[in-house]
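Chains as they are written, first to last, in my numbering: chain X, 1 to 366; chain Y, 1001 to 1337; chain H, 2001 to 2308. Below: the structure, in structure tokens.
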Amino acid sequence: MPQTILEIDQLKKYFHIGKNKRGAIFVRAVDGVSFTVDAGETFGLVGESGSGKSTLAYTVIGMYKPTAGQILYRGQSLGVEAGRRPLALKKELQIVFQDPGSSLNPRQTIRQILEVPLRLHRRELKKSELEQTVIELLQKVELSPDYMYKSPPSIGGGEKQMVGIARALAPNPSLILLDEPTSALDVSVQAKIISKLIELQAELNLTYLFITHDLSLMRNVATRIAIMYLGKICELASASEFFQHPMHPYTQMLLSSVPVVTADEERMKPKRVRSTGEIPSPVNIPPGCSFHSRCSEKSRPCTVDDPGFIEVSPGHLVRCHQFPTDTSAVFDEREILHRQEPGPVPFIAPLVDPFSGLVEGRTSDE
Amino acid sequence: MIDDNRLLDIRNLQVWYRVYGGYLKVLDGVNFHIDKGEKVGLVGETGCGKTTTMKAVLRVLPDRDTKIPGGEIRFQGEDILKMSGPELQRVRSQGIAMIFQDPTAALNPVFTIGQQIGDVIRFSLASRKSRRLEKTTIKSTAMQALKEVSLPDQERMLGNYPIQLSGGMRQRVCISMAITTPRQLLIADEPGTSLDVTIQDQILRLLRELVEKRGTSIILITHSLGVAREMTDRIYVMYAGSMVEVAQSADLFERPLHPYTLGLLGSVPKITGGGITKGIPGRIPDYLHPPSGCRFHPRCPQVLPECSAEKPSFFDLGNGHQVACFLYKRAQCRRQS
Amino acid sequence: MIADRNHRLPPQPSAAPGTPSAWHRFAEQWKKNWFKFSHNRLSVIGLVIVLLVILLAIFAPWVTPYPAHAGAYVDYDNASLSPSALHWLGTDIFGRDILTRIIFSFRGALVMAIVVLAISVPPGVILGLMAGYFKGSWVDTTIMRLTDVFLAMPPLILALAVASVLEPNLMNAMIAVTLMWWPWYTRLVYGMASSLRNEYFVIAAELTGTSKFHILFREILPNCLSPVFTKMALDVGWVILIGASLSFVGLGEQPPTPALGQMVADGAKYMPDLWWMTIFPALAIVLIIFGFNLTGDGVRDMLETRMG
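Printed below as a string of structure tokens:
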């Protein structure tokens, strides 16, 4: 019986960026997301920029406080920022960031970088054992011990990312969030890292929440996949189901744009949908279904109501008006909105571009 | 013998950089050519030298500390490396245009789109006299260029600043700057890499339409084999400073030959499933002390004794498919006999 | 010629494999630093000047021709002599050898620079770190407004005011200059710290739960130090100049201890006839600043780092 390790329930994260005549303006980065992750699986989140996938991960890990909704880790609520979480909980959840260049302090040595989590979370280690543990961590990611004395600028991107993974493994976590861990890397390096991640998952009983925009990678990594668009999940299914029977028009649009290298893959791609248009700003999300402005299957209800989640086959959920509504299978949305006061917290403060409402700062990863 | 059709011909190009400890011998005899109207892809991973090669073509390598010990780059028969200032200027303004990787960095944030395209139009003309073009001519040329890249509302666009545009639109503006005047060759360095995949798809389709319509040749630099497959007629695979394989696009994917190409193709995840391989063992070589002979031999699963002794040149296997690998030496001999 | 200055080199593997000893790593790092520093010949010239000044200052009593002239000494028979073989830079109105006095004045100048920077830089940097990391909070506001107050005061006038309220001597001149020097470092570090706090490696440290002390001093500070060191190298020259301005108006070292500004002031009355009394001390000031500026450029080249 698979055990649920992470449960996200109607999670919302809005960023308050000012006011206009009609009231406060929010960027609805994450707008009502629900899913569960079982222990030992790899749950994939796919989406383009503005989809909210990174914000979701950052909220789970504690960079942001949720505006509404629940995050439950093994039943324990995670609704506060990392600063307020108990140390034991912080140990369990770790994150690997996208850009290896800026996720490691260029002025420290690898040894110093790896010692930070060890000193904090593995207090039982004596000083003498610290070095040995660092070497063991490096070995786990196939880096030789002399990497201890190197510093990030002198090693390659793939190796830096390996160090980032070693750093995430240092406190012996159970759940690791991986935010586009290989997007900045070459494909052969990516293969090496991903295969190592898969090995480590089996060896150390890890659960992964894997975020990427690369669908071909996702196919080979995730057990279940959710695709996000402008803060909401459009489709959620098992990996094979997702690729063989993509239902949502956005899923089909994404799949048809993936560059592939074999004829077999060509045949698998949906042909009909060609990508058009750009993603609207997350400040002005159109009413109704947020995708309707780019959708080729648009119909009247799409501009009015947001479709709920509909289960088209066991485990396969789609948010789209095309599918007949079976009331028993619709998940209802509860509206709980906490007004977010703009506060002087050191590491949030998104800046707004005055011309277009584009948000910069940490949310610009979307 | 000058082949009229051959637009760009790079022969045995070597480029070294001076660093602490000696020279980084980055380019080690690059051989590359592109003919009129061709779409050629240059595929390679980080550090293989593809950007260096293109920068050498335009001669924008840092002057200090860069050494070009050998080779020639012939554009329409003339060696770029030996050109004088004005000749080079003509090549850069009328012959070859480069579309850079990051559109945000390529556009000056404090000038409007109109001013930037206007600058390109004015300076790409031959003599000083014609630089004093009528403002209206510049404006209409700029608007035409914007129209060609499917940007709506061109008049208003000219007054916009880069920050007001999305990534995809900025990339289109960069492309429009490259096509304001008719050029023979476009070099596109990883176009769309920093953008979402749906937008990248649009940009690539736009590029393909543009070059096919005008008969411009294009060199598409990319690290993605999938992109190269969709966009090009012929593909070069580059590793550690030289070309290891070249073939017609379809041929390369049906019959990849060089062990590096095979490793690369194997590393690409497929949407049909099949799992992830372990990639290619080892790392890219240290250019300060590069491996002897074939630079790939320390990582090659099919290495032969001669690979460390001598560097293989291209062996021709017919239909434009050439491989720089001793495994195929006999195949060429068989073909020739 | 057009050149791409953003050109990225392929990643170079660092020193030989195998675990190197701490000394070996240290030596390798400094060999690389020297390579970068000496890339520009002018920086090396600057370094030579700086080293010369320092050595002359340290060994003044032993290398100067007339060490006694640096103290209370009078010899009217040899007063106001123009430059000659016996007195390379001539003598002043009291008969003291100008070359000797210039070299001795380096001592006071360097001491002032070292003390001023040693006292003003650490608090300035720490305040900037805190204000930058806690940007947007009361910590930031308090510190930066305080900094603004000090920056708003005209520096030389502040120094003059302080020095004239207190007794005029070297120590008080140093206090005066220190008070106006620290805010520049706060500003410098503030800018860097406030942008660095958004870097992922800082966020990673915060998420993992390290103390604020660790984040400020182990994560952020090391990345702020390059511009600080560069500025310090350049500042030595400027502190010496301000010190010379103070001694020019009599608010620094008191006679008979020689000070460059004081010598310029004394000699100015006798221009243009006894030109050597002013010109040579003035040239010495120029030389020192020149040397430290060039060295500062070299330090900047040396410490330049590419992020990742």
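Yeah, the Cβ is synthetic: ideal placement off N, Cα and C, and Gly gets one too.
Boundaries of the beta strand (DSSP E) in which residue i is found, first to last residue
i, result
"Y/Trp1016", "Arg1006 to Val1019"
"X/Asn220", "Segment Leu215 to Val221 is the alpha helix (DSSP H) holding X/Asn220; no beta strand (DSSP E) there."
"X/Ile367", "Residue coverage of chain X in this structure runs from 1 to 366, which leaves residue 367 of chain X outside it and unanswerable."
"X/Lys19", "Thr4 to Asn20"
"Y/Pro1069", "Thr1066 to Phe1075"
"Y/His1033", "Gly1022 to Asp1035"
"X/Leu209", "Thr207 to Thr212"
"X/Ser313", "Ile310 to Ser313"
Same chain, Cβ closer than 8 Å to residue i, neighbours up to 5 away in sequence not counted
i, result
"H/Met2180", "Phe2150, Met2153, Pro2155, Leu2158 and Ala2159"
"X/Arg85", "Gly62 and Leu78"
"Y/Val1211", "Lys1039, Leu1186, Ser1217 and Ile1218"
"Y/Pro1305", "none"
"H/Ala2040", "In the sequence as presented, Ala is not what sits at residue 2040 of chain H; that position holds Asn. Counting only Cβ-Cβ distances below 8 Å, and skipping sequence neighbours, we find Asp2297, Gly2298 and Asp2301."
Terminal residues of the alpha helix (DSSP H) in which residue i lies
i, result
"X/Ser195", "Val187 to Leu204"
"H/Gly2108", "Ile2098 to Tyr2133"
"H/Arg2145", "Trp2138 to Ala2152"
"X/Glu129", "Lys127 to Lys140"
"H/Val2249", "Note, H/Val2249: premise wrong, no alpha helix (DSSP H); not H, not E."
"Y/Arg1170", "Gly1167 to Ala1178"
"H/Gly2267", "Leu2260 to Ala2268"
"Y/Val1237", "Counting along the chain, Y/Val1237 falls outside any alpha helix (DSSP H), though it belongs to the beta strand (DSSP E) covering Arg1234 to Tyr1239."
"X/Lys158", "A small fix is needed here, since residue 158 of chain X is Gly in this sequence, not Lys. Run containing X/Gly158: Gly157 to Leu169, per the alpha helix (DSSP H) assignment."
Chain X contact for residue i (CB, 8 Å cutoff)
i, result
"H/Ala2193", "no"
"Y/Pro1269", "yes"
"H/Pro2222", "yes"
"Y/Phe1111", "no"
"H/Leu2129", "no"
"H/Leu2188", "no"
"H/Glu2219", "yes"
Chain H within 8 Å of residue i, Cβ atoms only
i, result
"Y/Tyr1239", "no"
"Y/Arg1020", "The amino acid at residue 1020 of chain Y is misidentified as Arg; the sequence shows Tyr. Yes, its Cβ sits closer than 8 Å to a Cβ of chain H."
"X/Phe61", "Reading off the sequence, residue 61 of chain X comes out as Ile, not Phe. Output row for X/Ile61: interface = yes."
"X/Asp99", "yes"
"X/Pro270", "no"
"X/Arg84", "no"
Where residue i falls, given that 16 or more other Cβ within 10 Å makes a residue buried
i, result
"Y/Lys1082", "exposed"
"X/Phe243", "buried"
"H/Asn2293", "buried"
"Y/Arg1234", "buried"
"H/Ala2161", "exposed"
"H/Lys2231", "buried"
"Y/Lys1213", "exposed"
"X/Ile336", "Note that X/Ile336 has pLDDT 22, beneath the 50 cutoff, so the model's placement of it is unreliable and no number is given."
"Y/Lys1077", "For clarity, residue 1077 of chain Y is Gly in the given sequence; the question names Lys instead. Answer is exposed; the Cβ neighbour count stays below 16."
Residue-level contact to chain Y via CB, residue i, 8 Å cutoff
i, result
"H/Phe2035", "yes"
"H/Lys2032", "yes"
"X/Ser144", "no"
"X/Phe323", "no"
"H/Met2302", "no"
"X/Met253", "yes"
"X/Thr262", "yes"
"X/Pro259", "yes"
Neighbourhood of residue i by C-beta, 6 Å cutoff - its chain only, sequence neighbours within 5 removed
i, result
"X/His121", "Lys91 and Pro171"
"H/Ala2205", "Ile2215 and Glu2219"
"H/Met2174", "Met2112, Val2115 and Val2116"
Close beta carbons around residue i, own chain, < 7 Å, minus the five adjacent residues each side
i, result
"Y/Ala1145", "Ile1117, Ser1176, Ile1179 and Thr1180"
"H/Ser2194", "Gly2132 and Lys2135"
"H/Val2050", "Gly2291, Phe2292 and Thr2295"
"H/His2069", "Arg2096, Asp2097, Thr2100 and Arg2101"
Taking only runs of the alpha helix (DSSP H) that begin and end inside the region 1257-1299 of chain Y, which ones reach a length of at least 4 residues, in chain order?
1259-1267
Report task. Enumerate, from N- to C-terminal direction, the unbroken alpha helix (DSSP H) stretches of 4 or more residues contained entirely within the region 56-117 of chain X. Result -> Counting only runs of 4 or more, we get 87-92 and 100-103.
Restricting to runs no shorter than 3 residues, where is the beta strand (DSSP E) found entirely within the region 1077-1151 of chain Y?
Listed in chain order, they are 1096-1099.
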